[in-house]
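Chains as they are written, first to last, in this note's numbering: chain D, 1 to 91; chain R, 1 to 481; chain L, 1 to 490; chain G, 1 to 300; chain A, 1 to 97.
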């Protein structure tokens, strides 16, 4: 059980748990959290896929970085929509 | 290759301009749309004469850098987007060119619409041109986010709820797509589209393609995963729902078609799954459309049905290197985009004239059916796929290929779908014509507006496209197989 | 320049349609002038075309749509026959419709779709291959549907829905048959004696299935027995619609389609080889008898005429299905004769309804005295339908009968005699009531019949007489059909 | 010894993730999510991907956590959908099966990534020595441009279409001294990160995030009165300038070298650093505006 | 000389970890919010400070030491402020409840 397989297991479990939660949750915050955890799980798998002989390939790192920034943008949009739905201010 | 650069970059720069100067957003939007139309026509002409073009961005060769691929299929999709873009821009013009200062609700709708719409246009152009899977993932994100913006524009409670569900489902779909790309990277070590044929050999590669298709199914609102779509498309503003239904959904369908072309005959299981889901979607969408009470909901469910039809076409097409059946799917996409955009614009105009869009109340006798109802009827003809339209030519090519293979089940499903779509669309058109012999003396026909011109123009292009479908088909023949 | 003639004929009504649709409702004179100029222009062009075709001119226009698929407009002898019929009758019915709809609502919409219908009929006539035929055939459905539901009442919409269901169903069958044939035989142009080459030997079963699909698709509009349900119901439409469309354009398009399929797609030998002629003839016979029997019991005047149309059109199908040159001449001639006679009856019935509000047979007492002009036209039409010698009906029945003998089917004579008797049975009571009964006192005059409503039935009645008396003149319908059949059976 | 640490870290990550997903108290869930973010960042440092670790810590855990905390109190708790036990069990089984499939897929085929030799060979021409920055700003600059476009669209959705009047209440005066120390430090650190990005872990995104952190401290301290249109205007202009400048640079490179985003050879480093500087400011401004919500322009 | 520093460093780091473990234990056992808060901030800051010093001993080079000290200062500062804010917020909640 090298350390990489442990991280792969962690990544896989993160993704699966997040998918399960996504399918069963109706609450807005829970779905947003599940999406974020799913994205982190995928990022973990992406990095580990690019890891050969102890060196992590630079291109998946760029992919994960882009993924993180995209995710924060979409989460901000999701949160502002969710607030508007439950806030109900009369704009 | 400069047209491809213009197509990819111009909408984004115009979007920034429109966001920076909200009161002049319409001028930004109009100029960008017209230049975009010109560039796409030039690109199509260049491909017709010179064949495919490929440009490596930053002069870095394919696997490392990203390459913009402009071939027949991309050119057809780009010109489709450009035509619908011009019509939608025309419709949006009815909100006035320059916004008065302080105009409250209308200016927010106006200020918000143009940047989001230009971002959608830019994302679509980038998607059709891109030759790299991760790059396509980022374009899908832009597409999803700006489409949600367009849905939430009206600000009503149910449009916001629909927008939230749309964004959550869209993000989930994109993440599944990203997981597929990650697995593809794990399988073959590179993520550009040229690597797709290599994916088919290994088990991981096939799982990667499966995940990619699952992600696309969510983005394209294919049957079992379409729950978010009807609410979003029916509660958005008319111009916005035209864009959503006609173009945004096409991005995912285009990519599914592109991958089935690249992967060739290797992914039989995926193809059959696509075809089955498509057929189920077609029947279910038509069934829901038959029972829909509101016009916008009916048109949204008809989108579900038409997407099912297109996916069926993609699924049953033979191996692209041998037969040209995949072109039927492309033609169906083209005709659906034009017809559905025309239909949503017409529905917007009808709702504006009558004040509501309940199907039962469509025939108020003091208002005779005007141009919008006529545009709706023509768009319905090309959606059903009756002869003079491109939809009919698409179905013709499809059935022709299926008969060679003797696949009678699919043909029966196709004809059943056509009959069902005829049923639910004639329900609306006959309701418009129902007026009673003693039409009120003061009955008048609504006068012409820019919205009508856009809807009628699109509908007649969809109709005439059938006769002129030699052009897109020669373009499609030039696609890099 | 002349080879653009077919396109010009098509364009006169195809371009007129959107213009008329766009005209605002109150621009009455503009609409009337456009209608009339388009109609006269078409008659002139058709005349020019028929002279050119008679002199052996060839007209072919192609527009490539997809690899192996092209839109093909062709003017051969058979198409000119149908063209002449639709052009002349459209001209007369336009005049009638302008008068009939005076003061009605939605006239721009009516005349727009009216000229679209004729464009579709012209397109069907000049279709050069099965694909073009299919396009204009479906366009005809789309153009006629708004006319059927023109009145906008709930009942007309029920009829419209049934009409759409039948015709779209037929359209699907026709589409499937055409695609299947294209898949087997590549492009299917209309050429005398068929184009199927060696296919009957290699795939007889497929060809039979395709034949059934094609005939079913076309048969809906030709109102063959099981597929005729829509015709009586769509009598709800205004009189000009039921006159031109449901007696001439739509129904004849169906019959014309059967002719094209049997003569120019399959060819006489293939139909005989596959043994398809007998069932078709049987189906036609059943429709003839069944239509006449149903007509007996109809009290509504237009419904009775509708059932009589169903049976009369099957004469043409019978003529075609007998596969003998003489029967073919009879069938083709009947295409014209039945058109002229039926339109006279419908226009006269329209005048009765408009003039005196008389819609049913029982209310026809004494119409001879109240509206002599219309009743004379009606009488000439009815006698022609029965087949009284000097008139056009007799000519075509004569040729049909001798064609039946020539094809070794003596039973056809019995059939024709029987159906003529039935025709007499449902037409003569009407004439008896009109001429030999005195009108109820104080019958209200609903509306004075202007010249626009009176002239067209009279003109068509004159045509019946001319077609009967001058039968063997070269340009008479009979003469022209002999010319066609001589090409077909050489 | 290190394997034990990795094992502990992996188990820790999964444990905290379960807490984040299934905790029924919202703040506990958000807190667990932030902890998970930091642990994952740590694991990526262990996996030799420092750039990404920095970004995950700053953006993934820090900023997303701040956004979640801001919105957590305002979201109405939707009634617990009484899903039948069957559907929950079914989706649980499916996800476990999916996890097994995924694990087998990843471990079954040894990846032979095609990129490392290419990146190594072309690194010299790219103008920077840190491979990640080279990929982000040179080899796949088009991805980054589209990513900035994503930020732009999110900004439009939250700002131009004031979807919600989100305004975090300032947390009281105790934050002001804290802000006095943190803000200058964050400016210093972000400048350092930006400059260091060329040859060591760092770059525009990490620097932007740190700067945004400082901005957040200011906003929470209530010091930054965003009500006045001027201040809001400047912030909005810098936020929009990111995509504008990057797009203009792309057009300029296409004009100069004929290839979109192909920097003229020899000046790659100047172009990259120039773009990165603008991007840092733009990302910081965008993230602050995303946190702060719509700048309400007081209608006259 | 370096071995003495290494031994000193490891000793300090183990002490620091001990502090952190005690803080975690306290967090788990203590009943109400304020006492937990009190224990947490104190023990954490002390623990981190010890670990920073231990690491400083073991590393060479002034840059690394300075950045470690920076970490220590920041953790101390943020710990104090957040502790105060949470306490203030919980008091307000009690008044309002």
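Beta carbons are placed, not taken as given, at the ideal position from N, Cα and C, and that holds for glycine. All of these numbers come straight from a predicted model, not from anything done at the bench.
Open item on the list: Could you check whether residue 287 of chain G and residue 70 of chain D sit closer than 9 Å to each other, using their CB atoms as the reference points?
Closed with: no
Task: Residues near residue 183 of chain G by beta carbon distance below 7 Å, same chain, minus five either side - done: 214, 217, 218
Task: Straight-line Cα distance separating residue 92 of chain L from residue 347 of chain L - done: 10 Å
TODO: Report, in whole angstroms, the separation of the C-beta atoms of residue 185 of chain R and residue 46 of chain D, which I expect to be a contact under 8 Å.
DONE: 7 Å
Open item on the list: Taking the straight line between their C-alpha atoms, what separation do you get for residue 6 of chain A and residue 156 of chain G?
Closed with: 55 Å
TODO: Please determine, among R/137, R/149, R/223, R/359, the residue with the shortest C-alpha to C-alpha distance to residue 147 of chain G.
DONE: R/137
TODO: Out of L/224, L/370, L/342, L/374, point me to the one whose CA is closest to residue 386 of chain L's CA.
DONE: L/342
Open item on the list: Give me the chain G residues within the contact set of residue 42 of chain D, using Cβ-Cβ distance strictly less than 9 Å, ordered along the chain.
Closed with: In chain order: nothing, as chain G lies at least about 10 Å away.
Task: Proximal chain G residues relative to residue 5 of chain R, where beta-carbon distance stays under 7 Å - done: 254, 260
Task: Buried versus exposed call for residue 303 of chain L [16 or more other C-beta atoms within 10 Å across all chains shown] - done: buried
Task: Own chain, CB closer than 6 Å to residue 195 of chain R, minus 5 neighbours either side, in chain order - done: 188
- [ ] If I'm right that residue 322 of chain L touches residue 409 of chain L with Cβ under 8 Å, what's the distance once you round it to whole angstroms?
- [x] 6 Å
- [ ] Mark residue 85 of chain G as exposed unless 16 or more other C-beta atoms lie within 10 angstroms of its C-beta, in which case mark it buried.
- [x] exposed
Open item on the list: Quick check: the region 49–69 of chain D against the region 113–121 of chain G, are at least 3 beta-carbon pairs closer than 8 Å?
Closed with: yes
- [ ] Check the C-beta distance from residue 168 of chain L over to residue 141 of chain L and give it rounded, since I have them as a contact under 8 Å.
- [x] 7 Å
- [ ] Find out if the Cβ-Cβ distance for the pair residue 394 of chain R, residue 328 of chain R is shorter than 9 Å.
- [x] yes
Task: residue 35 of chain L - containing alpha helix (DSSP H), residue span - done: 28–54
- [ ] Out of L/174, L/22, L/134, point me to the one whose CA is closest to residue 108 of chain L's CA.
- [x] L/22
Open item on the list: Run through chain R and tell me which residues come within less than 9 Å of residue 128 of chain L, C-beta to C-beta.
Closed with: Those do not exist, as residue 128 of chain L stays about 15 Å from chain R at its closest Cβ, beyond 9 Å.
TODO: Grab the span of the alpha helix (DSSP H) containing residue 351 of chain R for me, first residue to last.
DONE: 326–354
Open item on the list: Alpha carbons only, please: which of G/10, G/29, G/12 is nearest the one belonging to residue 19 of chain G?
Closed with: G/29
Task: Cβ-Cβ distance between residue 168 of chain R and residue 31 of chain D below 9 Å - done: yes
Open item on the list: Is residue 153 of chain G a contact residue of the ligand HEM, with contact defined as CB to any heavy atom under 8 Å?
Closed with: By its list of ligands, the structure shown contains no ligand whatsoever, and the ligand HEM lies outside what it can speak to.
Open item on the list: For a test of the three-state rule: what should DSSP assign to residue 409 of chain L, helix, strand or coil?
Closed with: coil
TODO: Pull up the DSSP beta-bridge partners for residue 129 of chain L, would you.
DONE: L/189
Task: Contact with chain D by residue 36 of chain G, beta-carbon distance below 9 Å - done: yes
Task: For residue 66 of chain D, the nearest candidate out of R/175, R/203, R/72, R/32 (CA to CA) - done: R/175
- [ ] Determine the contact status of residue 122 of chain R and residue 105 of chain G, defining contact as a CB-CB distance below 9 Å.
- [x] no
- [ ] Report yes if the CB atom of residue 375 of chain L is closer than 9 Å to the CB atom of residue 368 of chain L, and no otherwise.
- [x] yes
- [ ] Run the CB neighbour count on residue 456 of chain L, radius 10 Å, all protein chains shown included, and call it buried at 16 or more, exposed below.
- [x] buried
TODO: Closer than 7 Å, Cβ to Cβ, to anything on chain R: give me those residues from the region 122–146 of chain G, in chain order.
DONE: 122, 138, 139, 140, 141, 142, 143, 146
TODO: With a floor of 4 residues, list each alpha helix (DSSP H) that falls wholly inside the region 258–325 of chain L, ordered by position along the chain.
DONE: 267–274, 277–297, 301–321
- [ ] Using a Cβ-Cβ cut-off of 9 Å, state whether residue 136 of chain L counts as contacting chain R.
- [x] yes
- [ ] Can you give me the Cβ contacts of residue 61 of chain G inside the same chain, cut-off strictly under 6 Å, excluding the 5 residues immediately before and after it?
- [x] 34, 37, 38
TODO: For residue 149 of chain R, decide whether its Cβ has a neighbour in chain D, counting only Cβ atoms nearer than 9 Å.
DONE: yes
Open item on the list: Please tell me whether residue 54 of chain D has its Cβ less than 9 Å away from any Cβ of chain R.
Closed with: no
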